[in-house]
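This report concerns only the one structure given below.
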Amino acid sequence: MSGVSRLRAVVKGVGSALPKRCVTNKELESTVDTSDEWIVQRTGIRQRYIAGDDETTSTLGIAAARVALDRAGLTPDDIDLVVCATSTPDYTFPSTATMIQAGLGITKGVAFDLQAVCAGFVFAVTTAEKFLASGSHKRALVIGAETFSRILDWEDRTTCVLFGDGAGAIVLEAQDQSELAQPEQGQGDNLPRGLLASCLRSDGKHRAKLFVDGGPSTTKTVGFLRMEGKEVFKFAVGQVTDVMAETFAACGITAKDLDWFVPHQANRRIIDASAQKFGIPPEKVVTTVQDHGNTSAASIPLALAVACEDGRIKPGDLVMIEAIGGGFTWGAAILRW
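Here this note's numbering is used: the first residue of the sequence shown is 21, the next is one more, and so on.
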């Protein structure tokens, strides 16, 4: 295929933002019938960040996007696509993406939200890649931003201890990779840069296992998050590995070729079980759930930002992201950094 244009969505920069307030498990012990030992043993979480009254999904998204743009060496004028993955928008409408677009001063292109709960960032990256690969847009800001603390029942100790707030963002740029090997032609080191393959799934019959019990068209309220923890764990471990396997196959590689595995940061036991199924060693797994809790669509970009900032993820690395969210929605993607 040499000489034929093949645009790929290449990562140019990553950024993150967290609320000012950090809430430890010890602090929760004073308000919730729980203990640090109980939370750590079952989830691996030690702390999370909770948004204040002056912090919203869009303000966190804007802050993360600014860092990503700065690290990409770009300005808001260079962006013509903004996709925000969130389940906790500032308003029913307009979209949080348009709020972020306005906050950054972007006046061209398109901005929209994508709602796939905890799998939202994987869905958003895959969606943005379609725009960039088609040639219709040049550079995208893909943001995962959440303020899940707003939809938690703080009297339900089985859920309120799990979630936190935050935002992460990446800048993707359409680059012609036609002179390099295509995914189906090579193993690890021969693959081009950018998003190489992804696999997305959803199954709406599982709604009752993880949902929010409110909404404009039903209760006319925001509602609270409700979850059947054991059922979610069982489904997550069983189904996420299927999309991982399909994504590996689409690239013609195996888990051994990966440099980094960056899963959704929901629960340390789910992370460990998914990695072990493919023989991915712990030293290749990026884990931040202990510091952030479950930040839904923000968890993967937050983890990516941490691993880029500390020097683990470097240009040329093969990185897999994967997640599962309410609905259920789930998916995986592989990128060469």
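Glycine residues also receive a C-beta, built at the ideal position from the N, C-alpha and C atoms.
Check                                                                                                                       : Outcome
Rounded separation between THR118 and THR76 - CA only                                                                       : 14 Å
Alpha carbon of LYS297 to alpha carbon of GLY346, nearest angstrom                                                          : 22 Å
Buried versus exposed call for ASN210 [16 or more other C-beta atoms within 10 Å across all chains shown]                   : exposed
Counterpart residues of PHE281 in DSSP-defined beta bridges                                                                 : VAL305, MET340
Nearest-angstrom beta carbon gap, LEU338 and VAL282 [assumed within contact, 8 Å]                                           : Wrong, their Cβ atoms sit about 11 Å apart, outside the cutoff.
C-beta contact flag for VAL142 and GLU303 at 8 Å                                                                            : no
Integer Cβ distance of VAL87 from VAL162, believed to fall under 8 Å                                                        : 14 Å between Cβ atoms; not a contact.
Sequence-distant residues of its chain with Cβ nearer than 6 Å to CYS42 (five each side left out)                           : GLN67, TYR69
Burial state of GLU204 (16 or more Cβ within 10 Å)                                                                          : Interpretation of GLU204 is limited by its pLDDT of 46, a score under 50 that renders its predicted location unreliable; no figure is taken from the coordinates.
Backbone secondary structure at ALA327 - three-state DSSP                                                                   : helix
Residue range of the beta strand (DSSP E) that includes PHE132                                                              : 130-134
Environment of ALA228 [buried if 16+ CB atoms lie within 10 Å]                                                              : exposed
Spatially closest choice to GLY249 from VAL232, GLN285, THR179, by CA coordinates                                           : THR179
Of the residues ALA295, GLY188, GLU266, LEU220, the one placed nearest THR315, counting alpha carbons only                  : GLY188
Chain-order list of residues whose beta-carbon lies under 6 Å from that of ALA37 (same chain, five-residue window excluded) : LEU80, ALA83, ALA84, ALA187
CB contact flag (VAL306, ARG332, <8 Å)                                                                                      : yes
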